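If you read the sequence shown in my numbering, its first letter stands for residue 44, the second for the next number, and so on.
Written out below as structure tokens is the structure these notes cover.
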Amino acid sequence: MIDIQSIKLLMAGRAGVYGLLADIFTAPADMEDIYNLCKYLYDLTESVEVIDENEEILQGFKGLALWYENAQKAEKSWVETKLKEEFISVFKNPAGSIGIIFPNTENIDEVYSEYGYKAEFKSGGLNEMLSFLSYMAVETAKQNNIEEISKYVKAQLIFLDTFLMPYISGFCEALYEEVPNYGIFQYIAVILHGFLMLDEPTLKYF
44 MIDIQSIKLL
54 MAGRAGVYGL
64 LADIFTAPAD
74 MEDIYNLCKY
84 LYDLTESVEV
94 IDENEEILQG
104 FKGLALWYEN
114 AQKAEKSWVE
124 TKLKEEFISV
134 FKNPAGSIGI
144 IFPNTENIDE
154 VYSEYGYKAE
164 FKSGGLNEML
174 SFLSYMAVET
184 AKQNNIEEIS
194 KYVKAQLIFL
204 DTFLMPYISG
214 FCEALYEEVP
224 NYGIFQYIAV
234 ILHGFLMLDE
244 PTLKYF
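Structural data, given as structure tokens:
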């Protein structure tokens with residue numbers, strides 16, 4: 044069993060990743076927000092250690108880094124046009140074929156309420172689920188005994204296995220195919236899939 048302090052550090056890291064992914068799947072207000080988000084993702088490639096442990100995540104971050112380096116060489120107006128096209132292709136129809144709104148989430152609000160989470164977005168939305176996992180990681184890090192930590196970890200594992208894991212591979216594959224070639228969401232799809240495939244068995248360790 045990992046010591047409590049190590050668990051707290053792990054949960055803090057998980058909270059950051061899930062929070063970032065939630066932001067990505069919440070359509071930014073304007074193109075400057077999108078551009079800044081892409082820059083943040085590029086900067087992150089230099090600082091995220093976990094990517095070295097998972098080839099899929101590593102390839103996703105390398106792709107984002109290459110995308111941003113190429114974007115720096117192009118006219119900003121051209122880059123913003125391409126970004127706008129891509130974000131429209133992802134967010135134009137949230138209940139569409141790539142499934143930003145996930146299936147079988149009828150009872151999800153009860154789970155949110157049970158743990159004191161106040162939903163901000165659409166019920167059943169991917170961004171809301173990722174935001175909840177970030178919140179739960181923070182709440183887990185606040186606990187000071189193994190019993191409570193185990194309770195919160197188990198709740199996250201059940202949440203993942205109920206609402207996300209049965210659908211995430213199909214979603215990420217559809218997302219990868221839906222967006223324009225070499226778009227940022229192709230790489231984000233790879234990162235999202237890789238992180239969830241890494242995170243779920245990690246939680247089982249507890």
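Beta carbons are placed, not taken as given, at the ideal position from N, Cα and C, and that holds for glycine.
Given the structure is predicted, the values throughout are model-derived calculations rather than measurements.
Distance CB(S174)-CB(A65) smaller than 7 angstroms: Inclusion of S174 and A65 in the CB contact set at 7 angstroms is warranted, their separation being smaller than that value.
Whether L200 touches L246 by CB criterion (7 angstroms): yes
V133 beta carbon less than 7 angstroms from that of F228: yes
Terminal residues of the alpha helix (DSSP H) in which N187 lies: Per DSSP, N187 belongs to no alpha helix (DSSP H) and is neither H nor E.
Cβ contact check for the stretch 108-120 and the stretch 169-184: 3 or more pairs under 8 angstroms: no
Reference A198; option with closest CA among E182, N187, P223 and F68: E182
Contact set for I192: own chain, Cβ-Cβ below 8 angstroms, skip 5 residues either direction: I47, I50, T183, Q186 and F249
beta-carbon D66 near the ligand MN non-hydrogen atom, thresh 6 angstroms: The ligand MN is not part of this structure, which contains no ligands at all.
For G226, three-class secondary structure by DSSP: coil
Reference S212; option with closest CA among M240, V196, Y195 and F202: M240
Through-space distance from D76 to S120, alpha-carbon basis: 14 angstroms
Short Cβ contact (7 angstroms threshold) for V233 with G103: yes
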